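> Quick mapping for you: the protein sequence lines, in order, are chains A and B.
Residue numbers for the first sequence follow the numbering used here, so the first one is 31 and each next one is one higher.
Residue numbers for the second sequence follow the numbering used here, so the first one is 31 and each next one is one higher.
For each residue, glycine too, the CB sits at the ideal point set by N, CA and C.
All of these numbers come straight from a predicted model, not from anything done at the bench.
Protein chains: 2
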Amino acid sequence: MTDEDAMKHAIAVCREGIRRGQSPFGAAIVKEGLIVAATHNTVRSHNDPTAHAEVNVLRAASRVLATFDLTGCTLYTTCEPCPMCLAASHWAHVDRVVFGAAISDADRAGFREMPVPADELAAMGKCELKLTGKVLRDECSRLFHEWKAAGNGTPY
Amino acid sequence: MTDEDAMKHAIAVCREGIRRGQSPFGAAIVKEGLIVAATHNTVRSHNDPTAHAEVNVLRAASRVLATFDLTGCTLYTTCEPCPMCLAASHWAHVDRVVFGAAISDADRAGFREMPVPADELAAMGKCELKLTGKVLRDECSRLFHEWKAAGNGTPY
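1. Name the chain A residues that come within less than 7 angstroms of ARG89 of chain B, Cβ to Cβ?
2. In angstroms with no decimal places, state the Cα-to-Cα distance between ARG49 of chain A and TRP177 of chain B.
3. Does TYR106 of chain B get closer than 9 angstroms to chain A when you measure Cβ to Cβ?
4. Find the nearest neighbour of ALA67 of chain A within the set A:VAL85, A:MET114 and A:PRO147, judged by alpha-carbon distance.
5. If we require 3 or more residues per run, which beta strand (DSSP E) segments fall completely within the segment 91-153 of chain A?
6. Taking the C-alpha atoms as reference points, what is the distance between GLY63 of chain A and ALA57 of chain A?
7. Going by the beta-carbon positions, is the gap between GLY130 of chain B and MET37 of chain B smaller than 9 angstroms?
8. Identify which residue in A:GLY163, A:ALA118 and A:GLU110 has its Cα closest to the Cα of PRO145 of chain A.
9. Run down chain B in chain order and give the residues with a C-beta less than 9 angstroms from the C-beta of PHE98 of chain A.
10. Let me check understanding here. Comparing Cα to Cα, which of A:LEU116, A:ARG89, A:HIS175 and A:THR184 lies closest to LEU159 of chain A?
11. Within the 9 angstroms Cβ cut-off, does ARG142 of chain A reach chain B?
12. From which residue to which residue does the beta strand (DSSP E) around VAL66 of chain A run?
13. Between the alpha carbons of HIS82 of chain A and ALA90 of chain B, how many angstroms are there, rounded?
14. How big is the Cα-Cα spacing for HIS70 of chain B and THR101 of chain A?
15. Using a C-beta cutoff of 9 angstroms, does ARG138 of chain A count as contacting chain B?
16. Output needed for CYS157 of chain B: all residues of its chain with C-beta closer than 6 angstroms, excluding positions within five of it in sequence on either side, in chain order.
17. For the alpha helix (DSSP H) that contains LYS156 of chain B, what are its first and last residues?
18. Checking the sheet assignment: what are the DSSP bridge partners for LEU161 of chain A?
19. Pick from A:TYR106, A:SER134 and A:GLY140: whose alpha carbon is nearest that of TRP39 of chain A?
20. In the DSSP assignment, find the unbroken beta strand (DSSP E) run with GLY56 of chain B in it and report its ends.
21. From which residue to which residue does the alpha helix (DSSP H) around GLY47 of chain B run?
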């Protein structure tokens, strides 16, 4: 499975989230070429400020694999991880984090983002995970417009 | 309720976690002088890499208050929040985060901490929350020794 193939799964669950009135973020976790889990943001439906797509998918993959050590896994996310999600990936020991849109895209869509680039925080935090950005960035950025056009959500 | 009073609740749930074989971190959330929720780290018991005490208590308080907006709340935690937990506090809109021990204390106990001080990340992230550290720091630091003495956990 290529990075683009895996990102398409993250995009698909993001769109499912938009249909459900959730915020426009999706994520998937891949291990040995297989999707382990794929989920969208559920901050609104679960009244959970930590329920970003990445946190949700790390929790889901840990349940599926019955371990909190996700060594060997890659996390795909439609948007550059915020500090919460990057640090969650560090704690989960994922090998790589691959993202599409940038934090600045989410910021422009109205989300109250912390302006901390993932690569800067990873360097400061001496994280061992590898970061790859801009995978299907245009399609991932368009998700914010699709979400606004759907008219069933507001940023937080 | 003073900061010290509230921190004692976080310390009490931390000790409960140690008794249960969990990692030595506790947290409590206070609103208008009342404890809304108090929980310990459950990374091991729940196989959840994101289940730090702070994330758990933010989720619990959001359930109790039926909102993901914890404006007006203060988060008390026995240890300086890691980037995941500080950013979770930002997303939850808590007014203040009050901590006891320092990240360096957790690091010395063997946890794979990101060496990112909470105040630095809060400044970089333009977070509006207020941070207060070193509240009952000695007692909070001793929790790491109590945990080691209990002999029922290893750091991750």
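Put simply:
1. Counting from 1 along the second sequence, the entry for residue 89 of chain B is found at position 59. Near ARG89 of chain B (Cβ distances below 7 angstroms), the residues of chain A are ASP78 and THR80.
2. Taking the first residue of the first sequence as position 1, residue 49 of chain A is located at position 19. Taking the first residue of the second sequence as position 1, residue 177 of chain B is located at position 147. Rounded to the nearest angstrom, the two C-alpha atoms are 46 angstroms apart.
3. Along the second sequence, read from residue 1 onward, the residue named residue 106 of chain B stands at position 76. By this cut-off, TYR106 of chain B is not an interface position.
4. Position 37 of the first sequence, counted from the start, is the residue given in the question as residue 67 of chain A. Ranking A:VAL85, A:MET114 and A:PRO147 by Cα distance to ALA67 of chain A puts A:VAL85 first.
5. 103-109 and 126-131
6. The sequence position of residue 63 of chain A within the first sequence is 33, counting from 1. The sequence position of residue 57 of chain A within the first sequence is 27, counting from 1. Computed Cα separation, rounded: 15 angstroms.
7. Residue numbering aside, residue 130 of chain B sits at position 100 when the second sequence is read from its first letter. Residue numbering aside, residue 37 of chain B sits at position 7 when the second sequence is read from its first letter. Result yes, Cβ atoms of GLY130 of chain B and MET37 of chain B sit closer than 9 angstroms.
8. Taking the first residue of the first sequence as position 1, residue 145 of chain A is located at position 115. If we check each option's Cα against that of PRO145 of chain A, A:GLU110 comes out closest.
9. Here residue 98 of chain A is taken as the residue at index 68 of the first sequence, counted from 1. Going along chain B in sequence order, the residues near PHE98 of chain A (Cβ under 9 angstroms) are VAL73, ARG74, HIS76, ASN77, ASP78, PRO79, THR80, ALA81 and TYR186.
10. Position 129 of the first sequence, counted from the first residue, corresponds to residue 159 of chain A. Of A:LEU116, A:ARG89, A:HIS175 and A:THR184, the residue nearest in Cα terms is A:LEU116.
11. As a first step, residue 142 of chain A must be located in the first sequence, where it is residue number 112. Answer yes: the Cβ-Cβ gap between ARG142 of chain A and chain B drops below 9 angstroms somewhere.
12. For this step, residue 66 of chain A is matched to residue 36 along the first sequence. 64-70 is the span of the beta strand (DSSP E), which, as asked, contains VAL66 of chain A.
13. Here residue 82 of chain A refers to the residue found at position 52 of the first sequence. Here residue 90 of chain B refers to the residue found at position 60 of the second sequence. Cα to Cα, the separation comes out at about 16 angstroms.
14. For the purposes of this step, residue 70 of chain B is taken as residue 40 along the second sequence, with counting starting at 1. For the purposes of this step, residue 101 of chain A is taken as residue 71 along the first sequence, with counting starting at 1. Using only the alpha carbons, I get a separation of about 25 angstroms.
15. Stepping through the first sequence from its first residue, residue 138 of chain A is reached at position 108. No - not a single Cβ of chain B is within 9 angstroms of the one on ARG138 of chain A.
16. Within the second sequence, numbered from 1, the residue matching residue 157 of chain B stands at position 127. So the qualifying residues of the chain are HIS120.
17. Position 126 of the second sequence, counting from 1, holds the residue named residue 156 of chain B. No alpha helix (DSSP H) contains LYS156 of chain B, which DSSP labels as neither H nor E.
18. In the first sequence, residue 161 of chain A corresponds to position 131, counting from 1. In the DSSP output, where bridge partners are listed per residue, LEU161 of chain A has A:VAL127.
19. Looking up residue 39 of chain A in the first sequence gives position 9. Residue identity check: residue 39 of chain A is His in the sequence provided, not Trp. Closest by alpha carbon: A:TYR106.
20. Mapped onto the second sequence, residue 56 of chain B falls at position 26. Counting along the chain, the beta strand (DSSP E) containing GLY56 of chain B begins and ends at 56-61.
21. What you label residue 47 of chain B is simply residue 17 of the second sequence in a count that begins at 1. Here the alpha helix (DSSP H) through GLY47 of chain B covers 33-49.
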